[in-house]
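S.K.:
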């Protein structure tokens with residue numbers, strides 16, 4: 613079954629589109645995994661950022677991934693990372709969060725500062741509850757149900773707590789900012805601003821619509837697994 617999985621990975625590689633004008637979150641995570649320590653511990657909240665971190669972080673050993681999984685506990689990322697950092701003070705701990713999830717426990721920045729817990733926080737900030745907005749786009753004609761959060765500046769909020777921080781919004785700012793964050797000895801908040809969109813790099817793929825089978829999995833923004841296999845002649849209509 614491992615060989616079968618490897619075959620599927622080659623047939624359905626995880627990809628994203630590069631945008632020269634705005635930051636692509638999947639690309640940022642791909643760059644961060646190259647810069648981070650090999651044994652870095654990664655914590656996530658709940659949302660699109662959680663899925664992209666799982667897809668594009670290069671894990672090579674177990675016990676490095678902190679996630680609430682099916683519990684769907686928004687806000688888990690920061691306190692989870694704090695616990696890991698206290699338990700493993702010599703390891704690099706990175707919290708990858710979305711703006712909505714980060715807001716759930718943002719008050720813990722005070723604890724980071726007071727206890728000098730050197731967690732590195734990357735906040736993927738698209739001013740939306742991205743995963744919910746994705747479902748609205750896919751299945752509810754983009755009808756918004758309070759999924760726009762507003763353009764918060766998390767760098768300024770972190771600064772108010774006394775935590776080192778910065779905000780970026782341009783692709784060319786990504787690598788220098790990641791390097792500055794990882795080099796810093798104390799806690800850090802990197803506010804990554806990028807526009808919400810419904811393009812292939814704005815939605816998490818693949819995804820299975822609710823109450824559907826695996827054959828209805830959207831393998832990209834335009835086709836399902838059923839349609840792909842029908843074209844290949846693997847299954848018939």
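Numbering (our numbering), first residue to last: 613 to 849.
Where is the CB? At the ideal position from N, CA and C, for every residue including glycine.
Keep in mind that this is a model prediction, so the values were computed, not measured.
On the CB-based measure, 16 or more other CB atoms within 10 Å of its CB, does residue 614 come out buried or exposed?
M.R.: One-based indexing of the chain shown puts residue 614 at position 2. Burial call: exposed.
S.K.: Could you work out which residue in 673, 663, 630 and 770 is closest to residue 650 when comparing CA atoms only?
M.R.: Here the question's residue 650 lines up with position 38 in the chain shown. With distances taken between Cα atoms, residue 650 lies closest to 673.
S.K.: Residues in the same chain with beta-carbon distance under 6 Å from residue 847, minus the five sequence neighbours each way, listed in chain order, please.
M.R.: Here the question's residue 847 lines up with position 235 in the chain shown. Closer than 6 Å at the Cβ level, and outside the excluded window around residue 847, lie 841.
S.K.: Mapping the DSSP letters down to three states, classify residue 632 as helix, strand or coil.
M.R.: Start at 1 with the first residue of the chain shown, and residue 632 comes out as number 20. It is coil, neither helix nor strand.
S.K.: Would you mind working out which of 832, 669, 714 and 764 sits nearest residue 652, comparing C-alpha positions?
M.R.: Reading the chain shown from its first residue, position 40 is the one you call residue 652. Minimum Cα distance to residue 652 is reached at 669.
S.K.: With residue 703 as the anchor, note down where its alpha helix (DSSP H) starts and where it stops.
M.R.: Translated into positions along the chain shown, residue 703 becomes position 91. Neither: residue 703 is in no alpha helix (DSSP H) and is coded neither H nor E.
S.K.: What residue range does the beta strand (DSSP E) around residue 653 cover?
M.R.: Translated into positions along the chain shown, residue 653 becomes position 41. Looking at the DSSP string, the run of the beta strand (DSSP E) that includes residue 653 is 653 to 656.
S.K.: Looking only at its chain, what residues have a beta carbon closer than 8 Å to the beta carbon of residue 704, apart from the 5 residues adjacent to it on each side?
M.R.: Indexing the chain shown from 1 puts residue 704 at position 92. The answer, listed in chain order, is 648, 649, 651, 652, 653, 732 and 794.
S.K.: Which class does residue 753 belong to by DSSP, given the choice of helix, strand or coil?
M.R.: Indexing the chain shown from 1 puts residue 753 at position 141. Residue state, collapsed to three classes: coil.
S.K.: Can you check whether the C-beta of residue 848 is within less than 8 Å of a C-beta belonging to chain C?
M.R.: This model lacks chain C altogether, as it is built from one protein chain only.
S.K.: In three-state DSSP terms, what is residue 748?
M.R.: Numbered from its first residue, the chain shown carries residue 748 at position 136. In the structure shown, residue 748 sits in a helix (DSSP, three-state: H, G or I).
S.K.: Decide yes or no for the touch test of the segment 734 to 744 against the segment 827 to 836: beta carbon pairs closer than 8 Å, at least 3 of them.
M.R.: They do not touch, by the three-pair rule.
S.K.: What residues in its chain sit with their C-beta under 7 Å from that of residue 632, if we drop five residues either side in the sequence?
M.R.: The sequence position of residue 632 within the chain shown is 20, counting from 1. Hits under 7 Å: 783.
S.K.: DSSP on residue 778, reduced to helix/strand/coil?
M.R.: Translated into the one-based positions of the chain shown, residue 778 becomes position 166. DSSP places residue 778 in strand when its eight states are reduced to three.
S.K.: Can you tell which of 685, 822 and 667 has the C-alpha that lies nearest to the C-alpha of residue 621?
M.R.: As a first step, residue 621 must be located in the chain shown, where it is residue number 9. Among 685, 822 and 667, the Cα nearest to that of residue 621 is on 667.
S.K.: Less than 8 Å between the C-beta atoms of residue 765 and residue 754, yes or no?
M.R.: Sequence index remark: in the chain shown, residue 765 carries index 153 (1-based). Sequence index remark: in the chain shown, residue 754 carries index 142 (1-based). Taking 8 Å as the Cβ cut-off, residue 765 and residue 754 do not qualify as a contacting pair.
S.K.: Residues bridged to residue 723 by DSSP?
M.R.: For the purposes of this step, residue 723 is identified with residue 111 of the chain shown, where counting begins at 1. Partner(s): none; residue 723 has no beta bridge.
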